[in-house]
Amino acid sequence: MSGPILAFDINGSRGAKLTRITPKAVPASEAIDGGMPVQPKITAPHPDRAAHTMPEPAVAPQAQVVETADRPAALYSDAAAARANLASVYAAVLGVDLPKVELLERITAAGGGDLSGTEIAKALKGVGLVAQVQSANVHQSSWPALAEMNNGELVLVLEQVGETVVVYDAAVADNRTEVDVLDFTPVFTGNVIRADVDVGELSRRHANEGQKEHWFWGEIKKLRRIMFEVALGSFVANLLAVAVALFSLQVYDRVIPHQSTATLWVLAIGAGCAMLLEAFLRIARARLMDGAGRKVELRIQTLLMDKLLGMQAGQKGQTPSGTFAAVREFSSIREFFTASTIGTLTDLPFIVLFLALVASIGGNVVWVLFAGGILMVLPSFFMQKKMMKLTMETQGASTKASRLLHEAIYDADTIKAQRGEERFRRLWGEFSALSSLATSEQRKLSSTLTFWSQGVQQATYVSAVVVGTFMVFQGQFTVGTIIAVGILTSRTLGPLTQLAATMARWSNVKAALEALDGIAQAPQDVEEGRTYLRKETLKGGYELRELSYTYDDDAANTIDIPALSIKPGQHVAVLGANGSGKSTLLKVLSGLHRPTAGRVLIDGVDMGQVMARDLRRGIGYLSQEVRLFAGTLRENLNLTLLERDDERLLASLDFAGLGPFVRNHPKGLDLEIRDGGEGLSIGQRQSIGWARLWLQDPKVCLLDEPTAALDQTLESTLVDRLHTWLDGRTAIIATHRVPILALTDRTMILQNGRMMVDGPRDEVLAHLQKEKKAG
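So, in structure tokens, the structure goes:
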């Protein structure tokens with residue numbers, strides 16, 4: 001049977017809608033992984049039939065401007081919007097929250113656009129799913145999956161019950177439509193996007209708090225298989241190492257007395273093969289550990305960056321210099337655990353094997369080796385506390401020196417203008433002296449421990465030979481036995497020498513791990529394992545209840561507002577003296593800083609319940625200090641990576657008053673921005689901040705001294721533009737400038753973090769004028 005079958009129509013506003021398509025062959029270029037699907041023509045249902053068939057247009061349609069929740073002029077095609085909606089439903093079926101807008105942003109930021117199968121699979125991988133494009137048969141085990149129809153459309157198949165396929169359909173009450181397998185099969189290309197929840201993600205999702213894996217040790221545990229392979233290689237390599245000792249024993253005891261050259265060559269060839277095989281195994285072991293270490297390093301470096309970017313603002317923890325130093329030290333931590341330590345630990349058990357072999361060959365000489373081994377590692381255990389103290393002193397001085405150097409480089413002009421050179425020279429000398437002294441003490445102690453273990457190893461070898469010689473005099477040993485015991489002594493104590501060196505480094509590694517743990521365990525904007533409320537659009541209404549905020553636990557409240565309500569679309573000015581709490585209030589309202597006590601509600605919902613990503617999309621925050629990053633002007637405007645149209649970038653600069661400057665500059669949007677925006681005036685940086693806000697197009701605008709750095713002409717022009725642009729948006733403006741007050745209809749006055757005045761703009765300004773005249 002090859003009649004028409006239900007498939008999804010593209011409908012950006014309502015999601016997916018079922019209609020009928022006629023089976024046909026699909027060119028290879030229109031496969032699920034081949035870019036934008038062909039858009040079918042929509043026909044109204046006939047009164048006597050379920051639906052008409054959909055004739056195929058000759059060419060794919062042009063990309064259309066589709067209004068999305070965050071960007072009303074986003075260039076997403078209808079097909080991309082429909083596919084994103086379907087993929088969002090598929091993710092929800094698998095228990096993962098992935099709104100359509102977020103999926104579109106993820107794919108666009110990654111360089112995609114038309115939501116091909118591969119792009120959708122990558123987006124699903126980004127939220128903890130294991131996804132790929134693959135071939136599948138019409139069978140119960142193939143579903144749920146996104147199936148490609150032979151007109152290029154996607155269908156979400158939920159399950160298969162007997163000879164019926166259950167398809168997702170947003171147009172019916174229960175979102176489920178049954179299709180006969182005989183109708184489905186002829187128009188199914190056999191290609192699906194299949195996703196499953198990662199096993200590790202399931203473990204994290206359902207694990208108890210105490211069972212959750214540590215960010216570092218959890219990754220190290222994943223090396224168990226590699227550790228087993230390394231241990232197996234070490235076992236074989238150490239067994240082969242015995243061949244040299246046995247070779248010497250046999251040569252001195254059998255070959256030389258009998259002058260048997262044939263036996264000598266056989267033994268020599270065997271020993272040579274053993275040494276070559278041992279060398280090969282140790283090289284392979286080193287490469288295996290290095291490869292595993294690189295994978296661990298990449299995963300953890302990515303995790304640390306995610307934690308840094310997701311960390312709640314205003315956390316009282318490490319300084320930026322300390323954080324930078326800790327992250328920089330991670331390579332040495334990785335090398336310590338995946339190269340030095342694993343190799344040493346896998347060799348340690350074979351000490352027992354070598355001691356047993358020495359005991360079988362040399363009898364009581366084994367006690368000399370046993371005593372020497374204890375003497376080698378004992379001082380390293382006793383000195384760990386002192387090593388840790390020296391490490392902390394070294395890191396403290398190094399962090400302060402790094403911070404001072406950073407300030408001297410980036411604020412050189414201020415230092416010179418304020419004649420602060422002598423202060424910086426003095427501090428640099430003090431920090432350098434402290435760091436040098438602590439580092440020197442640490443090196444001395446580390447060198448002492450290393451030389452001690454090496455010296456004890458040599459003394460043990462000499463002692464074993466001396467004891468063995470007396471036993472030769474007594475007729476208990478042969479010369480070959482002494483030689484073999486001497487070789488085995490070096491093999492036995494070698495891992496202990498490495499252990500002593502490893503323990504000397506442990507204090508540095510432990511301190512660095514503790515510093516990184518502060519980053520990995522820091523409170524995040526999005527708490528792991530918690531499900532947040534998703535709001536693709538915001539209305540912009542605020543309500544504050546018993547709000548207080550303080551930067552330090554023992555300090556007075558920076559903000560203390562018992563109650564405040566701001567309606568959607570309202571324009572509010574916040575006035576007050578310097579230090580009155582205006583900037584802090586805006587940061588709390590933006591969600592960047594969480595209140596110390598009380599609640600902030602947006603659209604009637606506590607801000608803490610809403611996904612941070614949705615807040616960032618709908619709330620635009622323009623700081624009074626616009627931060628620029630090293631790169632081009634285009635990159636600084638397009639931090640979200642969502643903008644593909646240079647005309648929009650130029651339009652944003654026109655809006656901010658920087659368009660003529662950029663158009664006349666030889667490099668235009670490729671204008672190089674140095675660290676912190678050096679080379680641009682403060683006013684130009686503020687204009688770039690306005691351009692970013694225009695591109696974001698938020699529903700809520702929180703503006704902190706937004707025109708303070710602009711000249712009067714540009715400020716007047718911008719205010720005129722804002723009269724139209726802010727229409728329908730909630731705007732809260734902290735300012736000292738009179739012209740921008742024309743945009744507001746309500747004025748508040750803060751004093752020491754408290755709301756002293758709140759009322760209509762004209763009344764409040766008139767009140768201030770009276771107080772000024774009276775004063």
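Residue numbers for the sequence shown follow full-length UniProt numbering, beginning at 1 and rising by one.
For every residue, glycine included, the Cβ atom is placed at its ideal position computed from N, Cα and C.
Cβ-Cβ separation, tyrosine 252 to glycine 480 (assumed contact under 8 angstroms), whole Å: 3 angstroms
Sub-9 angstroms separation of proline 495 and phenylalanine 337 beta-carbons: no
Where valine 172 falls: helix, strand or coil (DSSP): coil
Through-space distance from leucine 538 to leucine 642, alpha-carbon basis: 20 angstroms
Cβ pair count under 8 angstroms reaching 3, the stretch 302 to 311 against the stretch 514 to 525: yes
Inter-residue CB distance, alanine 397 and alanine 438 (contact presumed, cutoff 8 angstroms): 6 angstroms
Alanine 630 in three-state terms, based on DSSP: coil
Per DSSP, the bridge partner or partners of isoleucine 619: Val700
Proximity below 9 angstroms, CB of glycine 620 to CB of valine 700: yes
Closest residue to glycine 406 among Gln442, Ile482, Phe324 and Ala359 (Cα-Cα distance): Note that residue 406 is histidine in the sequence shown here, rather than glycine. Ranking the options by Cα distance to histidine 406, first place goes to Phe324.
Enclosing alpha helix (DSSP H) for residue 836 [first to last residue]: Outside the displayed range of the chain (1 to 775) lies residue 836, so it cannot be described from this structure.
Element boundaries [alpha helix (DSSP H), containing isoleucine 361]: 350 to 362
Distance, leucine 156 Cα to methionine 149 Cα: 11 angstroms
Pick from Ala326, Arg616 and Leu246 that is closest to serine 360, judged by C-alpha positions: Leu246
Boundaries (first-last residue) of the beta strand (DSSP E) holding valine 479: Not the beta strand (DSSP E): valine 479 falls in the alpha helix (DSSP H), residues 479 to 520.
Cβ pair count under 8 angstroms reaching 3, the stretch 745 to 753 against the stretch 575 to 586: yes
Residues that DSSP places opposite isoleucine 749 in a beta bridge: Leu575 and Val757
Beta bridge counterpart(s) of tyrosine 551 as assigned by DSSP: According to DSSP, which records beta bridges pairwise, tyrosine 551 is partnered with nothing at all.
Start-to-end residues for the beta strand (DSSP E) that takes in valine 192: 188 to 197
Close-in-space but distant-in-sequence residues of the same chain around leucine 357 (CB under 7 angstroms, 5 per side omitted): Val242 and Leu488
First through last residue of the alpha helix (DSSP H) which encompasses leucine 240: 224 to 250
Collapsed DSSP secondary structure at glutamate 105 in the structure displayed: helix
Proximity below 9 angstroms, CB of valine 230 to CB of methionine 289: yes
Contact the stretch 132 to 149 vs the stretch 180 to 190: 3+ CB pairs below 8 angstroms: yes
Own chain partners of residue 821 with C-beta closer than 8 angstroms, once the 5 adjacent residues on each side are dropped: Nothing can be reported for residue 821: it is not among the residues displayed for the chain, which extend from 1 to 775.
Terminal residues of the beta strand (DSSP E) in which threonine 730 lies: 730 to 734
Residue interval of the alpha helix (DSSP H) (run including alanine 401): 384 to 410
Rounded distance between the beta-carbons of glutamate 672 and threonine 632, thought under 8 angstroms: 6 angstroms
The stretch 444 to 454 in contact with the stretch 376 to 391 per 3-pair CB rule at 8 angstroms: yes
For methionine 275, three-class secondary structure by DSSP: helix
Identity of the residues DSSP links to arginine 545 by a beta bridge: Ala563 and Arg599
Counted within 10 angstroms of its Cβ, other Cβ atoms place isoleucine 566 as buried (16 or more) or exposed: buried
Alpha-carbon to alpha-carbon, arginine 746 and aspartate 758: 7 angstroms
Leucine 533 burial status per 10 Å Cβ neighbour count (16 or more: buried): exposed
Reduced DSSP category for threonine 177 - H, G, I as helix; E, B as strand; rest coil: strand
Burial state of aspartate 180, where buried means 16 or more other Cβ atoms lie within 10 Å: exposed
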